[in-house]
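4 is the number of the first residue of the sequence shown in our numbering; add one for each residue after it. Beta carbons are placed, not taken as given, at the ideal position from N, Cα and C, and that holds for glycine. Structure first, then comments.
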Amino acid sequence: MKPVIILPYDGYESAEKLVISCANFFKTAFATQLVAFIKLNDALHFRKVGPEILAMLSEVKPTSVRYFIDLKIPDVLQTDKNILRHYVEFKPAIVTVSSIVASKSLMAVKEILPETKIALVDTLTDIPEDECLKRYGIPPLEKISKALSDFDELLKNDNPIEMVVCSPRETKELKRRFSQYEFVNAGIRSRHMAKDHQERITSAYDALKNGADWLVMGTQIEKGNPKGGISPEESQKITLEEIEQYFKEKL
């Protein structure tokens, strides 16, 4: 069994509270056993802190746990370059890039952060399938497939994309079509959890079974389901059992 969890830190009021939460969580055996990356999104925009939040977290996280900066790089080339330069010293393991960018922005990411893997984001996991159909005329699976195929055609052997962020619903077929990529699944909610804001969801076990390489999980392992009478510790136990089951079956 290997660490497969990407732990998101979003929605904190201050950098100090986030760092304390991170320090406490990584005292647990579960965290040290299964968390591979810390994912930061809105926390990268704390007032007076910005990218320095990474330096603060480096004081409390294990050195084996690396950074996943969820920027969803969304702008014109020069702006994208300016944003990325703020993170060079931290050498993040993964950065997300939105499929709306020009292909030259993808190449710029690799130029500025050569050791960082690019994870493409196309259809956000809180978009229901019927909304995707109405807005784009195709379901999420086909929309993501088109984005990947288009970049493959445009960039050929120079394509720097190594990972794809998608919901568990699309992963099995995407893995069949594009086996060269690693797949990151957001929207992980096991049966004991409330649905929350995500729309296209599934359990940790099912996501791994369908081909996910990495699982974005926060609430399930940090808070559990208090309304359902499930403590964080119990939720971690259930999650660990699901992941262990997958790896045992894989042997």
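**Q.** Endpoints, the beta strand (DSSP E) within which Thr99 is located
**A.** 97 to 101
Q. Just checking my contact of Leu157 with Ser234 at CB under 8 Å: how many whole Å lie between their CB atoms?
A. Wrong, their Cβ atoms sit about 49 Å apart, outside the cutoff.
(Q) Determine whether the beta carbon atoms of Ile147 and Thr128 lie at a separation below 8 Å. (A) no
**Q.** the stretch 237 to 245 contacting the stretch 13 to 29, beta-carbon criterion three pairs below 8 Å
**A.** no
**Q.** Exposure of Asn160, with buried meaning 16 or more beta-carbon neighbours within 10 Å
**A.** exposed
Q: Would you tell me roughly how many angstroms separate the C-alpha atoms of Asp73 and Lys251, rounded to the nearest one?
A: 31 Å
Q.
Looking at Pro54: is its Cβ nearer than 8 Å to the Cβ of His89?
A. yes
(Q) So, for Lys212: in the same chain, excluding its five sequence neighbours on each side, which residues have a beta-carbon less than 7 Å away from its beta-carbon? (A) Tyr249
Q: Take every Cβ of the stretch 9 to 20, pair it with every Cβ of the stretch 35 to 43, and state whether three or more of those distances are shorter than 8 Å.
A: yes
Q.
Just to confirm my understanding: we take Val219, look at its own chain, exclude 5 residues before and 5 after, and list those with CB closer than 7 Å. What are they?
A. Ile9, Pro11, Lys42, Val187, Asn188, Ala189, Ile191
Q) Near Lys120, what residues of its chain come up, given a Cβ to Cβ distance below 6 Å and the 5 sequence neighbours on each side ignored? A) Ile97, Glu165, Met166
Q: Tell me, please, which residues DSSP counts as bridged to Phe40.
A: Ile9, Arg69
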